[in-house]
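Undergrad: Read top to bottom, the protein sequences are chains Y and H.
All letters in the first sequence, in the order written, are residues 1389 to 1596 by the working numbering.
All letters in the second sequence, in the order written, are residues 1389 to 1596 by the working numbering.
All residues carry an ideal CB built from backbone N, CA and C; glycine is no exception.
Let me begin by handing over the structure; questions about it come next.
2 protein chains.
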Amino acid sequence: MAESEAYTETEEQVFEAALEVFSCKGKDGARMQEIADRAGINKAMLHYYFRSKDRLYEAVFDYVFTRFMLSLSEALGGEASFEDTLRTFVDRYLTFHKEHPAVMRLWVQENLAGAPVVRQKLRAYGQRAEEAPPYIFIRKMKAAIDAGEIRAVDPFQTFVTIIGASVFYFLAFPTMSVLNPALAEDPEAAFEARKEHLYDLLYHGLKA
Amino acid sequence: MAESEAYTETEEQVFEAALEVFSCKGKDGARMQEIADRAGINKAMLHYYFRSKDRLYEAVFDYVFTRFMLSLSEALGGEASFEDTLRTFVDRYLTFHKEHPAVMRLWVQENLAGAPVVRQKLRAYGQRAEEAPPYIFIRKMKAAIDAGEIRAVDPFQTFVTIIGASVFYFLAFPTMSVLNPALAEDPEAAFEARKEHLYDLLYHGLKA
DNA sequence: GTCTATATCTCGATAGAC
DNA sequence: GTCTATCGAGATATAGAC
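If you want it as structure tokens, here you go:
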């Protein structure tokens, strides 16, 4: 797994299957049999490749974590004004979760269990922390405050709010679509409305 | 269970124990033995009272759902200006989750599984929906928009944002406290800062 | 109602043939 | 590497004495 950068086709199939099952049912609720079935391989082979459920779970986390961080970094890459940075970030962040809903679910499962794996991975990020997306955002926002572009609002709190208001939309969908059936009737329109709302509220909430 | 409005002392002990275990480990991860131990009763008695794990889970949901709705209703009860309503709501909502962290976790577990129980309960609320907290908030916000007190921002989206930015703070705590160790060093101060930030951002984001 | 002992079953993991 | 068959741990649920 660690030797080559890329994954084999079978590994990818297993990861996608495992991600889906782990993220919906949790580590305890997930069944190795179901993962094997979805990946189209034998249950014994699953153990042959990954030894145990715990190791498979961690391998799935590695598989997901890198892609997620990379996607965030890209969304924060440019040298635009803070207004543009904010719009791009909200757009890209929401879009990522729309396209990869299992990633958010897996992360939530982790946090409900105290996030042992996430905490370990983040700490391992350690030295390169400065390049991690949260710090990039916070640094850019601080600069915008110093430049008088926006009000002096706490950048970390703002980061939490953006991530939270985004993630929550997908997490709460099953509940919210009962309160507001329009969400389920036209998810695409609802998604666009969500993006627009979030940017609008943040823009007016932060502007000087 | 359904006959009398109140619960016996033993039932309450079981519910509190079950809530803690279900909310942390999920329905599948939860162990009847652990719930029994925490409640200080025999495992066989747990089955004697509630027949099965599924029934216990649903009973816990009833136990929590009512209190939560009631607390929200109270937080939205007064006839104050929208500015005051907003401040009170943010304050009370965040405080509720700080004092009852398991409620949020249980609700999150539900949503990861597609929220079958929540959806059923909400639909059962049906006729009385007008009195349900989300609709109260939305109605008050609409009135404030019509009165020119605040900008014309979508009330449902705003509701989702407030709930999301609040719930997420507690949900993401294990992850966020690695990124910002201050959270864990002084949780009380961090909580107050969160409340202040959220109200401030919403106030400026909504004001006319 | 309460407890011990146990039936029954499910699942992770492995042995062993091919 | 791949499969079938199975072991053994541990869980829900219940039977039956008190």
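Helix or strand or just coil, what does DSSP make of Y:Ile1429?
TA: As a position in the first sequence, residue 1429 of chain Y is number 41, starting the count at 1. Y:Ile1429: coil per DSSP, three-state reduction.
Undergrad: With which residues is H:Lys1595 paired in a DSSP beta bridge?
TA: For the purposes of this step, residue 1595 of chain H is taken as the residue at position 207 of the second sequence. Looking at the DSSP assignment, H:Lys1595 forms a beta bridge with H:Ile1538.
Undergrad: Pick from H:Ala1596, H:Arg1582, H:Gly1414, H:Ser1411: whose alpha carbon is nearest that of H:Arg1480?
TA: As a working note, residue 1480 of chain H is residue 92 in the second sequence. The residue with the shortest Cα to Cα distance from H:Arg1480 is H:Arg1582.
Undergrad: Can you list the residues of chain H that Y:Leu1464 reaches, using a CB-CB cut of under 8 angstroms?
TA: Your numbering for residue 1464 of chain Y matches position 76 in the first sequence. Within chain H, no residue comes near Y:Leu1464; the closest Cβ sits about 15 angstroms away, beyond 8 angstroms.
Undergrad: Between H:Ile1551, H:Ala1406, H:Leu1460, H:Gly1466, which has its C-alpha nearest H:Arg1443's C-alpha?
TA: Residue 1443 of chain H sits at position 55 when you count from the first residue of the second sequence. Of H:Ile1551, H:Ala1406, H:Leu1460, H:Gly1466, the residue nearest in Cα terms is H:Ala1406.
Undergrad: Have a look at H:Ala1540 and H:Ala1531 and give me their C-alpha separation to the nearest angstrom.
TA: Looking up residue 1540 of chain H in the second sequence gives position 152. Looking up residue 1531 of chain H in the second sequence gives position 143. Rounded to the nearest angstrom, the two C-alpha atoms are 10 angstroms apart.
Undergrad: Is H:Ala1517 helix, strand or coil when you go by DSSP?
TA: Position 129 of the second sequence holds residue 1517 of chain H. Note: H:Ala1517 maps to helix in three-state DSSP.
Undergrad: Kindly examine the ligand ADP and report whether one of its heavy atoms sits closer than 7 angstroms to the Cβ of H:Gln1508.
TA: By its list of ligands, the structure shown contains no ligand whatsoever, and the ligand ADP lies outside what it can speak to.
Undergrad: Name, please, each residue of chain H whose Cβ falls closer than 7 angstroms to the Cβ of Y:Ala1503.
TA: To locate residue 1503 of chain Y, count along the first sequence from 1; it is residue 115. The answer, in chain order, is Pro1562, Thr1563.
Undergrad: What would DSSP say about Y:Ser1440, mapped onto helix, strand or coil?
TA: Position 52 of the first sequence, counted from the start, is the residue given in the question as residue 1440 of chain Y. In this structure, Y:Ser1440 counts as coil in the three-state DSSP scheme.
Undergrad: How far does the alpha helix (DSSP H) with Y:Glu1399 in it reach, from first residue to last?
TA: As a working mapping, residue 1399 of chain Y is identified with position 11 in the first sequence. 1397-1417 is the span of the alpha helix (DSSP H), which, as asked, contains Y:Glu1399.
Undergrad: So with Cβ pairs under 8 angstroms, would you call H:Pro1522 a contact of chain Y?
TA: Against the second sequence, residue 1522 of chain H aligns to sequence position 134. Chain Y contact via Cβ: present.
Undergrad: Using a Cβ-Cβ cut-off of 8 angstroms, state whether H:Phe1556 counts as contacting chain Y.
TA: Translated into positions along the second sequence, residue 1556 of chain H becomes position 168. Closer than 8 angstroms: yes.
Undergrad: Using the three-state DSSP reduction, which class does H:Thr1573 fall into: helix, strand or coil?
TA: As a working note, residue 1573 of chain H is residue 185 in the second sequence. A small fix is needed here, since residue 1573 of chain H is Glu in this sequence, not Thr. Three-state result, H:Glu1573: helix.
Undergrad: If the cut is a Cβ gap below 7 angstroms, which residues of chain H does Y:Gln1421 touch?
TA: By 1-based counting over the first sequence, the position of residue 1421 of chain Y is 33. Near Y:Gln1421 there are no residues of chain H at all, since even the closest Cβ is about 14 angstroms away, more than 7 angstroms.
Undergrad: Check the Cβ of Y:Phe1544 against every Cβ in chain H and list those closer than 7 angstroms, keeping chain order.
TA: Within the first sequence, the letter at position 156 stands for residue 1544 of chain Y. Result: Asn1568.
Undergrad: Check this for me: beta carbons of Y:Leu1410 and Y:Val1448, under 8 angstroms apart or not?
TA: Counting from one through the first sequence, the residue named residue 1410 of chain Y turns up at place 22. Counting from one through the first sequence, the residue named residue 1448 of chain Y turns up at place 60. With the sequence shown as reference, residue 1410 of chain Y is identified as Phe, and Leu is not the correct amino acid for it. Taking 8 angstroms as the Cβ cut-off, Y:Phe1410 and Y:Val1448 qualify as a contacting pair.
Undergrad: What would DSSP say about H:Gly1552, mapped onto helix, strand or coil?
TA: Within the second sequence, residue 1552 of chain H is the residue found at index 164, counting from 1. Three-state DSSP puts H:Gly1552 in a helix.
Undergrad: Look up H:Glu1487 in the DSSP assignment and say whether it is helix, strand or coil.
TA: One-based indexing of the second sequence puts residue 1487 of chain H at position 99. Helix.
Undergrad: Give a yes or no on whether the minimum CB-CB distance between Y:Lys1413 and chain H is below 8 angstroms.
TA: Within the first sequence, residue 1413 of chain Y is the residue found at index 25, counting from 1. Yes, because at least one Cβ of chain H sits closer than 8 angstroms to the Cβ of Y:Lys1413.
Undergrad: Within its chain, find whatever has a CB closer than 6 angstroms to the CB of Y:Ala1394; leave out the 5 residues flanking it on each side and keep chain order.
TA: Mapped onto the first sequence, residue 1394 of chain Y falls at position 6. Closer than 6 angstroms at the Cβ level, and outside the excluded window around Y:Ala1394, lies no residue.
Undergrad: Taking 8 angstroms as the threshold, find out whether the stretch 1483-1500 of chain H comes into contact with the stretch 1548-1564 of chain Y through three or more Cβ pairs.
TA: Counting Cβ pairs under 8 angstroms, three or more are found: they touch.
Undergrad: Can a CB atom of chain H be found closer than 8 angstroms to the CB of Y:Gln1497?
TA: Along the first sequence, one-based indexing puts residue 1497 of chain Y at 109. By this cut-off, Y:Gln1497 is an interface position.
Undergrad: I believe H:Lys1431 touches H:Met1420 by the beta-carbon criterion, under 8 angstroms. Please report the beta-carbon distance rounded to the nearest angstrom.
TA: Residue mapping note: residue 1431 of chain H aligns to position 43 of the second sequence, counting from 1. Residue mapping note: residue 1420 of chain H aligns to position 32 of the second sequence, counting from 1. 6 angstroms between Cβ atoms; contact.
Undergrad: Between the stretch 1510-1517 of chain H and the stretch 1511-1521 of chain Y, can you find at least three pairs of beta-carbon atoms closer than 8 angstroms?
TA: Cβ pair count under 8 angstroms is below three, so no.
Undergrad: Residue range of the alpha helix (DSSP H) that Y:Leu1567 falls in?
TA: Within the first sequence, residue 1567 of chain Y is the residue found at index 179, counting from 1. Taken as a continuous stretch (DSSP letters only), the alpha helix (DSSP H) holding Y:Leu1567 covers 1561-1567.
Undergrad: Hey, how far is the Cα of Y:Asp1425 from the Cα of H:Ala1501?
TA: Here residue 1425 of chain Y corresponds to residue number 37 of the first sequence, with the count starting at 1. Here residue 1501 of chain H corresponds to residue number 113 of the second sequence, with the count starting at 1. Straight-line Cα distance between these residues: approximately 20 angstroms.
Undergrad: Answer yes or no: does any C-beta atom of chain H fall closer than 8 angstroms to that of Y:His1488?
TA: The residue given as residue 1488 of chain Y occupies position 100 in the first sequence. With 8 angstroms as the cut-off, Y:His1488 does not count as an interface residue toward chain H.
Undergrad: Could you name the residues of the same chain whose beta carbon sits closer than 6 angstroms to that of Y:Met1529, not counting the 5 residues immediately before and after it, in chain order?
TA: As a position in the first sequence, residue 1529 of chain Y is number 141, starting the count at 1. Answer for Y:Met1529: Pro1543, listed in chain order.
Undergrad: By Cβ distance, which residues of its chain are closer than 6 angstroms to Y:Lys1415, with the 5 residues on each side in sequence left out?
TA: Stepping through the first sequence from its first residue, residue 1415 of chain Y is reached at position 27. Excluding residues within five positions, the ones whose Cβ falls inside 6 angstroms are Tyr1445.
Undergrad: Assuming Y:Leu1464 contacts Y:Phe1477 (C-beta within less than 8 angstroms), just tell me the rounded distance between them.
TA: Sequence index remark: in the first sequence, residue 1464 of chain Y carries index 76 (1-based). Sequence index remark: in the first sequence, residue 1477 of chain Y carries index 89 (1-based). Right, their Cβ atoms sit about 6 angstroms apart.
Undergrad: Hey, does H:Ile1551 have any beta-carbon neighbour from chain Y nearer than 8 angstroms?
TA: As a position in the second sequence, residue 1551 of chain H is number 163, starting the count at 1. By this cut-off, H:Ile1551 is an interface position.
Undergrad: Give the DSSP-derived three-state secondary structure of H:Glu1467 in the structure shown.
TA: If you number the second sequence from 1, residue 1467 of chain H lands on position 79. Coil.
Undergrad: Pick helix, strand or coil for Y:Ala1501, following the three-state DSSP scheme.
TA: Residue 1501 of chain Y sits at position 113 when you count from the first residue of the first sequence. Coil at Y:Ala1501, not helix or strand.
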